[in-house]
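Once you know that position 306 of the sequence shown is 824 in my numbering, the rest is easy, because the numbers rise by one and skip nothing. By construction, the Cβ of each residue, glycine as well, lies at the ideal position given by its N, Cα and C atoms. Beneath this line is the structure, given in structure tokens, with notes to follow.
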Amino acid sequence: MPFTLQTVDEIASLHGEPDWLRKRRRSAFEAFERLPIPSRIDEEWRRTDVSSLDVAKFSEFEHRNGAAPAEPLEGVAGSTTMRGSEFESVRLDPELERAGVILEPISVAAQKHPELVQTLLFTQVRPDRDRFAALHAAFFADGTFLYVPDGVVIEKPIVGQVFSAEGGTAVLPHTLIVAGRGSQFNYLDEYLSPADEAAGYKSGSAELFLGEGARVGYVAVQKWGRNAWHLADQRARLDKEASLRLFNVTLGARFSKTRVEASLQGEGSDAELKAIYFASGEQFFDFHTLQDHQVGNTRSDLLFKGALQDVARTVYAGLIRIEKGAARSDAYQANRNLVLSDHAKATSIPMLEIDNNPRAHPVRARAPAGRDGARGASWLGSAWRRSATCRSSR
């Protein structure tokens, strides 16, 4: 199945998708055809080389192919399991079903609950961002939809697992999470494949919408095989007094690029963005983050920590943006790397941009580098704090 418009329509027909979703896929495909492959002349991609990635080599979609079903998970409130591009199982505590919680494949939810899905799907992870985002939106096979109604508190986690076992294919799952006012829960996305799996293209992205006062924990564990190409977007929108705890664990893939963004749109909202990673061999990990304070009285706290050895490379570039009128915003950003080899390299680029008066005042900070001679370890990191307490100029 090549990445063509015909394939887009075949995916939509296979899932029985409504017209609005088919049109959304087609619009994403138009962006995919129109947008160029990102190159090093683009600031975001200046240190990230994708010239050797030919996505056309991975245009076949992975299917279950008779794989044995995964064992049901214990100690969870619900779970979804995908094998490649196909759903294997969906399980949810009956009490949560009666409380109005919805846990379904996106393809099913788009038909049964358009009032929840249509206005949100691909509004945070936008297809027109670049060619890879467009490819994901046009050809995503399916994914998990989770809706937790107002006031519902879920004590045990909900888990979404995606297994891949066939190289040379594309696996493109998507997660859409909607948290009602005052709801509380934790969700885990897990991406797994054998370490020696042949090269493939993986794109597991997530959109999170937190209603007023919602408290959500989101964890993504990426353990693809060592030959995979992995590109992912995670973007959350926080309403008034909402609280997000987002955590990434990155261990797999030959090439992994993850964009993590929190849009604080309601006063009193709070986002904690954290990650740990370990790169070895020839692995390359790229993290781009955005802490976007759109209104005042908001807080964000970011800490990405990793270690690398052999000839591995990591890039971290993070932007704190304090938008006009977002006075009394509090933001923190830190990236710390332990470099265990003279041939490994970590690059940290923290950035701060404040537009809290009629004139924009961008500030750029670079991470200091040093060496801990006692342990022979090279450290590269940054930790700095900026509280935007200024008032808009009159």
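Identity of the residue in Q801, R831 and L782 nearest Q809 by Cα:
Residue mapping note: residue 809 aligns to position 291 of the sequence shown, counting from 1. Looking at the Cα atoms, L782 is the closest of the given residues.
Please state if the CB of V778 and the CB of T807 are separated by a distance shorter than 7 Å.
Position 289 of the sequence shown, counted from the first residue, corresponds to residue 807. Position 260 of the sequence shown, counted from the first residue, corresponds to residue 778. Yes. Within cutoff.
Environment of K720 [buried if 16+ CB atoms lie within 10 Å]
Counted from its first residue, the sequence shown places residue 720 at position 202. Answer is buried; the Cβ neighbour count reaches 16.
Per DSSP, the bridge partner or partners of I794
As a first step, residue 794 must be located in the sequence shown, where it is residue number 276. Bridge partners of I794: V767 and K823.
Rounded to whole angstroms, what's the CA-CA distance from E548 to F658? Just pull it up for me.
By one-based count along the sequence shown, residue 548 stands at place 30. By one-based count along the sequence shown, residue 658 stands at place 140. Approximately 15 Å between the Cα atoms of the pair.
Considering just the uninterrupted stretch of the alpha helix (DSSP H) at R544, what are its terminal residues?
For the purposes of this step, residue 544 is taken as the residue at position 26 of the sequence shown. Looking at the DSSP string, the run of the alpha helix (DSSP H) that includes R544 is D537 to R552.
Out of Y834, V833 and E871, state which residue places its alpha-carbon closest to the alpha-carbon of S847.
In the sequence shown, the residue the question calls residue 847 occupies position 329. The residue with the shortest Cα to Cα distance from S847 is E871.
Cut-off 6 Å between Cβ atoms - residues of its own chain near W563, not counting five sequence neighbours on either side:
Taking the first residue of the sequence shown as 1, we reach residue 563 at position 45. Here the set comprises P556.
In its own chain, which residues sit with a C-beta less than 7 Å from the C-beta of D819, not counting the 5 before and 5 after it?
As a position in the sequence shown, residue 819 is number 301, starting the count at 1. Counting only Cβ-Cβ distances below 7 Å, and skipping sequence neighbours, we find E790 and Y850.
Check whether S682 and S711 have beta carbons under 7 Å apart
In the sequence shown, the residue the question calls residue 682 occupies position 164. In the sequence shown, the residue the question calls residue 711 occupies position 193. Result yes, Cβ atoms of S682 and S711 sit closer than 7 Å.
For P612, which residues from the same chain have a beta carbon less than 7 Å from its beta carbon, with the 5 sequence-adjacent residues on both sides left out?
Here residue 612 refers to the residue found at position 94 when the sequence shown is read from its first residue. Taken in chain order, the list of residues that qualify is empty.
Residue(s) in a DSSP beta bridge with H748:
Reading the sequence shown from its first residue, position 230 is the one you call residue 748. For H748, which the question treats as bridged, DSSP gives the partners K720 and S774.
With distances taken between CB atoms, is the gap from A754 to A732 smaller than 7 Å?
The count along the sequence shown starts at 1 and reaches residue 754 at position 236. The count along the sequence shown starts at 1 and reaches residue 732 at position 214. Contact: no.
Between which residues of its own chain and V643 is the CB-CB distance below 6 Å, once the five residues before and five after are set aside?
In the sequence shown, counting from the first residue as 1, residue 643 sits at position 125. These residues qualify, in order along the chain: S723, E725, D751 and R753.
Tell me, to the nearest whole angstrom, how far the beta carbon of V635 is from that of A627; I am working on the premise that it is less than 8 Å.
The sequence position of residue 635 within the sequence shown is 117, counting from 1. The sequence position of residue 627 within the sequence shown is 109, counting from 1. With 8 Å as the limit, V635 and A627 qualify as a contact, their Cβ atoms being about 5 Å apart.
Under a three-way DSSP split, which group does F579 fall into?
By one-based count along the sequence shown, residue 579 stands at place 61. In this structure, F579 counts as strand in the three-state DSSP scheme.
Given V734, which residues of its chain have a CB within under 6 Å of its CB, disregarding the five upstream and five downstream residues?
The count along the sequence shown starts at 1 and reaches residue 734 at position 216. The answer, listed in chain order, is A697, L728 and L762.
Measuring CB to CB, does A617 end up less than 7 Å from T599?
Stepping through the sequence shown from its first residue, residue 617 is reached at position 99. Stepping through the sequence shown from its first residue, residue 599 is reached at position 81. The answer is no: Cβ separation not under 7 Å.
What are the complete alpha helix (DSSP H) segments, minimum 4 residues, inside the region 570–636?
612–616, 624–630 and 632–635
Start and end residues, beta strand (DSSP E) containing L664:
On the sequence shown, position 146 is the one that residue 664 refers to. L664 -> beta strand (DSSP E) spans D660 to V666.
Cα-Cα, which of S531, E561 and F521 is closest to A835?
As a working mapping, residue 835 is identified with position 317 in the sequence shown. Nearest of S531, E561 and F521 to A835, Cα basis: E561.
By Cβ distance below 6 Å, which residues in the same chain neighbour V671 in space, the five residues on each side in sequence not counted?
The count along the sequence shown starts at 1 and reaches residue 671 at position 153. Same-chain partners within the cutoff: Q702.
Which of the three DSSP states is assigned to E684 in this structure?
Along the sequence shown, one-based indexing puts residue 684 at 166. DSSP places E684 in coil when its eight states are reduced to three.
Alpha carbon of R565 to alpha carbon of S597, nearest angstrom
Start at 1 with the first residue of the sequence shown, and residue 565 comes out as number 47. Start at 1 with the first residue of the sequence shown, and residue 597 comes out as number 79. So the two alpha carbons sit approximately 37 Å from each other.
Do you know how far the Cα of G824 is from the Cα of Q796?
Indexing the sequence shown from 1 puts residue 796 at position 278. Indexing the sequence shown from 1 puts residue 824 at position 306. Reading the sequence as shown, one finds Phe at residue 796 and not Gln. Computed Cα separation, rounded: 6 Å.
Return the CA-CA distance between L523 and D668, expressed in angstroms with no decimal places.
What you label residue 523 is simply residue 5 of the sequence shown in a count that begins at 1. What you label residue 668 is simply residue 150 of the sequence shown in a count that begins at 1. Their backbone Cα atoms lie some 39 Å apart in a straight line.
Does the Cβ of G593 have 16 or more other Cβ atoms within 10 Å, making it buried, or fewer, making it exposed?
As a first step, residue 593 is located in the sequence shown; it is residue number 75 there, counting from the start. Looking at its Cβ environment, which holds fewer than 16 other Cβ atoms inside 10 Å, G593 is exposed.
Just the C-alpha distance for D714 and Q827, rounded to the nearest angstrom, thanks.
Position 196 of the sequence shown holds residue 714. Position 309 of the sequence shown holds residue 827. Spanning the two alpha carbons is a distance of roughly 19 Å.
Under the three-state reduction of DSSP, which class applies to D646: helix, strand or coil?
For the purposes of this step, residue 646 is taken as residue 128 along the sequence shown, with counting starting at 1. Correct three-state label for D646: coil.
Is DSSP giving Q783 helix, strand or coil here?
Residue 783 sits at position 265 when you count from the first residue of the sequence shown. Q783: coil per DSSP, three-state reduction.
Opening and closing residue of the beta strand (DSSP E) in which I672 lies:
In the sequence shown, residue 672 corresponds to position 154, counting from 1. Per DSSP, I672 belongs to no beta strand (DSSP E) and is neither H nor E.
Straight-line CA distance for Q716 to D873?
Counting from one through the sequence shown, the residue named residue 716 turns up at place 198. Counting from one through the sequence shown, the residue named residue 873 turns up at place 355. In the sequence on display, residue 716 carries Ala and not Gln. Looking at the two C-alpha atoms, the distance is approximately 47 Å.
Quick check: Q812 and E841, are their CB atoms within less than 7 Å of each other?
In the sequence shown, counting from the first residue as 1, residue 812 sits at position 294. In the sequence shown, counting from the first residue as 1, residue 841 sits at position 323. Against a cut-off of 7 Å, the Cβ pair of E841 and Q812 comes out as a contact.
Below 6 Å CB to CB, which residues in the same chain sit around T776 once its five sequence neighbours on both sides are set aside?
Working through the sequence shown from its first residue, we reach residue 776 at position 258. A750 and F805, listed in sequence order.
Going by DSSP in three states, F657 sits in which element: helix, strand or coil?
Your numbering for residue 657 matches position 139 in the sequence shown. Helix at F657.
Check for me: the beta strand (DSSP E) holding L710 runs from which residue to which?
As a working mapping, residue 710 is identified with position 192 in the sequence shown. Taken as a continuous stretch (DSSP letters only), the beta strand (DSSP E) holding L710 covers Q702 to L710.
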